[in-house]
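S.K.:
2 protein chains.
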Amino acid sequence: MSLEHAILGFLNYAPMTGYDLKKAFDTSVRHFWPADQAQIYRTLKDLARRGWVTVEVVPQEDRPNRKVYHITDAGREELRRWLRTPTDPEDPRVPLLVKVFFAGGLTNEEAVALLEAYAAGLRARLEEYARVPQQAAHYAEAIRSPREVFFWTLTLDYGVRLTRAALEWAEEAIRNIHNQEES
Amino acid sequence: MSLEHAILGFLNYAPMTGYDLKKAFDTSVRHFWPADQAQIYRTLKDLARRGWVTVEVVPQEDRPNRKVYHITDAGREELRRWLRTPTDPEDPRVPLLVKVFFAGGLTNEEAVALLEAYAAGLRARLEEYARVPQQAAHYAEAIRSPREVFFWTLTLDYGVRLTRAALEWAEEAIRNIHNQEES
DNA sequence: TGATATAATATGACCAGTCATATATAGGAT
DNA sequence: ATCCTATATATGACTGGTCATATTATATCA
Chain E
768 MSLEHAILGF LNYAPMTGYD LKKAFDTSVR HFWPADQAQI YRTLKDLARR
818 GWVTVEVVPQ EDRPNRKVYH ITDAGREELR RWLRTPTDPE DPRVPLLVKV
868 FFAGGLTNEE AVALLEAYAA GLRARLEEYA RVPQQAAHYA EAIRSPREVF
918 FWTLTLDYGV RLTRAALEWA EEAIRNIHNQ EES
Chain D
768 MSLEHAILGF LNYAPMTGYD LKKAFDTSVR HFWPADQAQI YRTLKDLARR
818 GWVTVEVVPQ EDRPNRKVYH ITDAGREELR RWLRTPTDPE DPRVPLLVKV
868 FFAGGLTNEE AVALLEAYAA GLRARLEEYA RVPQQAAHYA EAIRSPREVF
918 FWTLTLDYGV RLTRAALEWA EEAIRNIHNQ EES
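From first to last, the protein sequence lines are chains E and D.
Numbering of the first sequence is given in this note's numbering, commencing with residue 768 and proceeding in unit increments.
Numbering of the second sequence is given in this note's numbering, commencing with residue 768 and proceeding in unit increments.
1. Tell whether a beta-carbon distance below 8 Å holds between residue 776(D) and residue 881(D).
2. Can you say whether residue 972(D) is buried or exposed, counting buried as having 16 or more other CB atoms within 10 angstroms of its CB?
3. Should residue 866(E) go down as buried or exposed, given a rule of 16 or more other Cβ atoms within 10 Å for buried?
4. When we look at the beta-carbon of residue 769(E) and count the other beta-carbons within 10 Å, is it buried (16 or more) or exposed?
5. If the cut-off is 8 Å on Cβ atoms, which residues from the segment 779 to 807 of chain E count as contacting chain D, listed in chain order?
6. Can you list, in chain order, the residues of the segment 830 to 859 of chain E whose Cβ is nearer than 8 Å to any Cβ on chain D?
7. Name the DSSP bridge partner or partners of residue 836(E)?
8. What residues of chain E sit near residue 897(D), judged by a beta carbon separation below 8 Å?
9. Going by DSSP, what residue range makes up the alpha helix (DSSP H) through residue 924(E)?
10. At the 8 Å Cβ level, is residue 810(D) part of the contact set with chain E, yes or no?
11. By DSSP, does residue 831(D) sit in helix, in strand, or in coil?
12. Closest by CA to residue 889(E), which one among 827(E), 930(E), 873(E) and 787(E)?
13. Rounded to whole angstroms, what is the Cα-Cα separation between residue 879(D) and residue 875(E)?
14. Between the segment 851 to 863 of chain D and the segment 793 to 801 of chain E, do three or more beta carbon pairs fall short of 8 Å?
15. Decide if the segment 829 to 841 of chain D is in contact with the segment 834 to 853 of chain E; the criterion is three or more beta carbon pairs, one per stretch, under 8 Å apart.
16. Taking DSSP as the reference, what is the three-state secondary structure of residue 813(E)?
17. Compare the C-beta of residue 865(D) with all C-beta atoms of chain E and state if any pair is closer than 8 Å.
18. Taking buried to mean at least 16 other C-beta atoms within 10 Å of its own C-beta, is residue 904(E) buried or exposed?
19. Alpha carbon to alpha carbon, how far is residue 787(E) from residue 830(E)? Give it in angstroms, no decimals.
20. Select from 939(E), 864(E) and 921(E) the residue whose C-alpha is nearest the C-alpha of residue 943(D).
21. Quick check on DSSP: helix, strand or coil for residue 772(D)?
22. So, under 8 Å CB-CB, residue 934(E) and residue 925(D) are touching, yes? Tell me the CB distance rounded to an integer number of Å.
23. Would you kindly work out how many angstroms separate the C-alpha atoms of residue 884(E) and residue 827(E), rounded to a whole number?
Take a look at the structure:
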């Protein structure tokens with residue numbers, strides 16, 4: 768599970784509430800690890816149970832108390848251990864390809880429409896990527912060390928490259944379908 | 768859920784048992800939609816409940832009866848409907864990137880090792896892709912129409928392109944890490 | 001002889017994640 | 001006047017999928 772370790776990663780920057788964490792995820796790693804609000808709270812409970820974080824309850828009037836989570840030494844150790852561990856391969860599931868595999872039963876027009884819709888989604892994603900740096904900069908209180916920015920940029924670059932590759936594939940596929948005889 | 772529709776896709780080629788389906792998945796679409804044996808059986812039950820497939824029980828001695836599933840007209844309609852429906856975007860989760868995002872706390876050597884291990888996995892995957900055509904040809908009783916082969920080839924091409932893009936990213940990242948000052 | 005593979009279906013426990021909804025108040029927008 | 005948003009945490013129902021295991025006979029391999 769990457770979520771628990773991503774949370775440790777953020778708490779290693781600064782103590783945060785579940786609410787803060789949700790915002791942190793949404794403005795930084797969402798593109799490769801979206802986090803559900805309910806799941807964040809459940810995972811925080813689990814992290815506390817394991818002793819990797821502690822809770823500090825900050826009373827508030829008129830709204831729920833803030834539960835500020837702090838990473839512990841054990842948590843920091845676990846974070847480092849995990850960072851150095853080779854990664855589980857990612858889930859290869861690509862719903863579009865399942866359709867493409869069985870697309871022989873479609874007309875050329877239908878198949879092209881399928882790929883065009885996919886390509887449109889990819890183009891939209893590329894535009895989103897272009898907006899990420901501002902969003903993140905806006906949120907990141909103090910932009911962290913150049914080293915951290917370097918690694919953060921790597922993740923963005925990955926997204927751009929992979930999305931471009933998928934887009935090129937889709938565009939070439941569309942061109943090739945036109946040369947296909949419909950059975 | 769793509770699994771149920773992939774099953775419909777296979778049953779549209781020919782009636783099959785759950786056991787047959789598992790083999791079909793493993794020799795064709797596994798790379799973009801792996802299927803768990805237990806999940807196949809549960810899904811078949813569900814498809815039957817919805818009237819998209821019917822079951823024909825073929826008695827056998829000495830081993831469990833074969834339950835041969837046949838696609839129905841309703842199932843064929845559902846398959847076509849699904850094929851023409853624009854696709855849900857794929858799950859963007861990439862565990863490696865979560866680590867890279869927080870990799871500022873690693874030494875350059877540790878970060879490089881992480882990416883090298885990842886790159887090794889990608890190279891292995893590329894070699895696997897090279898072996899897919901033979902495997903699939905071996906299994907596909909009658910290689911289906913050229914049109915079907917065309918679409919099947921598209922899915923393989925997607926895998927190769929995306930894996931190559933990821934590999935190039937990793938290799939360039941490794942080169943760049945060496946120019947990074949360790950904080 | 002004993003282990004493993006093949007054929008075939010099935011269940012139970014579990015896990016990570018999603019979605020809807022609940023609570024409670026303040027402030028701004030339509 | 002009403003709706004939406006922000007702040008903040010929490011639970012219950014559900015879903016798709018994984019893993020281990022069970023059954024039962026034959027055949028193969030070391």
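For each residue, glycine too, the CB sits at the ideal point set by N, CA and C.
M.R.: The short version:
1. no
2. Since the first residue shown for chain D is 768 and the last is 950, residue 972(D) is missing from the structure and cannot be characterised.
3. buried
4. buried
5. 779, 795, 796, 798, 799, 800 and 801
6. 846, 847, 849, 850, 851, 853, 854, 855, 856, 857, 858 and 859
7. 783(E) and 822(E)
8. Result: empty, since nearest Cβ-Cβ is about 16 Å, beyond 8 Å.
9. 913 to 944
10. no
11. coil
12. 930(E)
13. 45 Å
14. yes
15. no
16. helix
17. yes
18. exposed
19. 15 Å
20. 921(E)
21. helix
22. So it is not a contact: roughly 11 Å between Cβ atoms.
23. 48 Å
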